[in-house]
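What follows is a set of notes on a single structure, which appears directly below.
There are 2 protein chains.
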Amino acid sequence: MALTFRKRKLFDSAGIVGSVDDDLIPSVFARDCASRELLGTVTGKWGWLALAALHEGSYRFNALRRRVDGVSEKMLAQTLQALERDGLVRREVQATIPPRVEYSLTDFGARTAAKLVDLIELLEAEVPTAAAARAAYDRSR
Amino acid sequence: MALTFRKRKLFDSAGIVGSVDDDLIPSVFARDCASRELLGTVTGKWGWLALAALHEGSYRFNALRRRVDGVSEKMLAQTLQALERDGLVRREVQATIPPRVEYSLTDFGARTAAKLVDLIELLEAEVPTAAAARAAYDRSR
DNA sequence: CGGCATCCCTATTGATACTG
DNA sequence: CAGTATCAATAGGGATGCCG
């Protein structure tokens, strides 16, 4: 449940933590680690949107671009490349004229997208909660 | 399950989609919508890390700063403010000298962080998968 | 249609210094 | 300790143009 991948004591009241076994198991909390980079690809500005869209089914490039409102051609291409590189997205080219490029999720991508959609649905449902909190916060300033 | 908040047909083979009822229900796929902004706060560069850390328990400012390796003082303060503003994080000041500021998750924040941790744990476990995919991708270039 | 390369600008970020 | 303010660097991202 908790992300206690490191063996050091996490909650030192003086704020001083030990340094034993810190690198035995990867942790997102360490800078420049693989898991943090992977999370970055997934949660980046357009990454999670592309994954959520592809969770609905496969898309061709421009259809996906229309689905993910506001993304530029450049950023979508860049995002999809990163996702493909990390094994989340599959890219299939049909040698027709004009060319057809189909994007879909790999198994890994599908499992990731499922978790992501789970998160998104929670947040979509809680938009009013957040809006109320924000209004209260802004009022007290 | 799927994020089919809009009523239009999503999968038009010609790539042409209708435009009926597009704005009836909020959707992350629309630009400048509240849900997308909220997602941005949560999945932003430091947002998800702060939430994951606070999911372990409450932290004081500098302890959290040490936990989230690599974050600058400025960005952590900024991130926490955004999370507090949207009702995910609670900030409690103890009027001692020196001052003590404790950060913890609200109920909403805790439920969000739980989903997030779920995603993080999947990705941490799949780091080897991603690494292999990446190696294969880079080799084919 | 589905890209990649280039230019260019501004928003984010990080260092540094200062404050209650 | 827990911030805020200021400034400089830089990476993100849009616009444009070209190509298979």
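First to last, the sequence lines map onto chains A and B.
Quick note: the first sequence uses full-length UniProt numbering, first residue 1, plus one each step.
Quick note: the second sequence uses full-length UniProt numbering, first residue 1, plus one each step.
Just so you know, even glycine gets a beta-carbon here, dropped at the ideal spot from N, CA and C.
Separation of residue j from residue i, as counted between CA atoms
i: alanine 125/B; j: serine 35/A; result: 9 Å
i: leucine 122/A; j: isoleucine 97/A; result: 42 Å
i: arginine 139/B; j: aspartate 69/B; result: 31 Å
i: leucine 88/A; j: glutamine 78/B; result: 31 Å
i: alanine 136/B; j: leucine 39/A; result: 20 Å
i: glutamate 94/B; j: arginine 60/B; result: Strictly speaking, residue 94/B in this sequence is glutamine, with glutamate absent from that position. Cα to Cα, glutamine 94/B sits roughly 11 Å from arginine 60/B.
i: residue 144/A; j: arginine 111/A; result: Absent from the model: residue 144/A. The displayed extent of chain A is 1 to 141, so no value can be given.
i: alanine 113/A; j: glutamate 84/A; result: 14 Å
i: arginine 141/B; j: alanine 131/B; result: 16 Å
i: isoleucine 120/A; j: isoleucine 120/B; result: 14 Å
i: alanine 63/B; j: asparagine 62/A; result: 46 Å
i: aspartate 118/B; j: aspartate 118/A; result: 10 Å
i: valine 127/B; j: glycine 44/A; result: 17 Å
i: arginine 31/B; j: arginine 31/A; result: 31 Å
Option nearest residue i by Cα separation, candidates the options
i: residue 146/A; options: Phe108/A, Arg111/A, Gly109/A and Glu92/A; result: Because chain A in this structure spans residues 1 to 141, residue 146/A falls outside the shown range and cannot be described.
i: phenylalanine 29/A; options: Ala30/B, Thr112/B and Val71/B; result: Val71/B
i: threonine 129/B; options: Pro128/A, Thr129/A, Gly109/A and Val127/A; result: Gly109/A
Residues sharing a beta bridge with residue i, DSSP
i: tyrosine 59/B; result: Tyr103/B
i: arginine 90/A; result: Ser104/A
Spatial neighbours of residue i in its chain, beta-carbon cut-off 8 Å, leaving aside the 5 residues before and after
i: leucine 116/B; result: Val42, Trp48, Leu51, Ala52 and His55
i: glutamate 73/B; result: Arg65
Contacting residues, own chain, Cβ-Cβ under 6 Å from residue i (five flanking each side not counted)
i: arginine 90/A; result: Ser104 and Thr106
i: alanine 82/B; result: Thr41
i: alanine 67/B; result: Here residue 67/B is arginine; the residue named in the question, alanine, does not match the sequence. Same-chain partners within the cutoff: Ala53.
i: tryptophan 46/A; result: Val71, Met75 and Thr79
Own chain partners of residue i with C-beta closer than 7 Å, once the 5 adjacent residues on each side are dropped
i: serine 58/A; result: Glu102, Tyr103 and Ser104
i: aspartate 86/B; result: Leu38 and Thr41
i: proline 99/A; result: Val93
Closer than 7 Å, Cβ to any Cβ of chain B: which residues of the region 63 to 75 of chain A, in chain order? Listed in sequence order: Ala63, Arg66, Arg67, Val68, Asp69 and Gly70.
Near-chain B residues of the region 85 to 98 of chain A - C-beta to any C-beta below 7 Å: Taking a C-beta cut-off of 7 Å against chain B, the contacting residues of the region 85 to 98 of chain A are Arg85, Asp86 and Gly87, listed in chain order.
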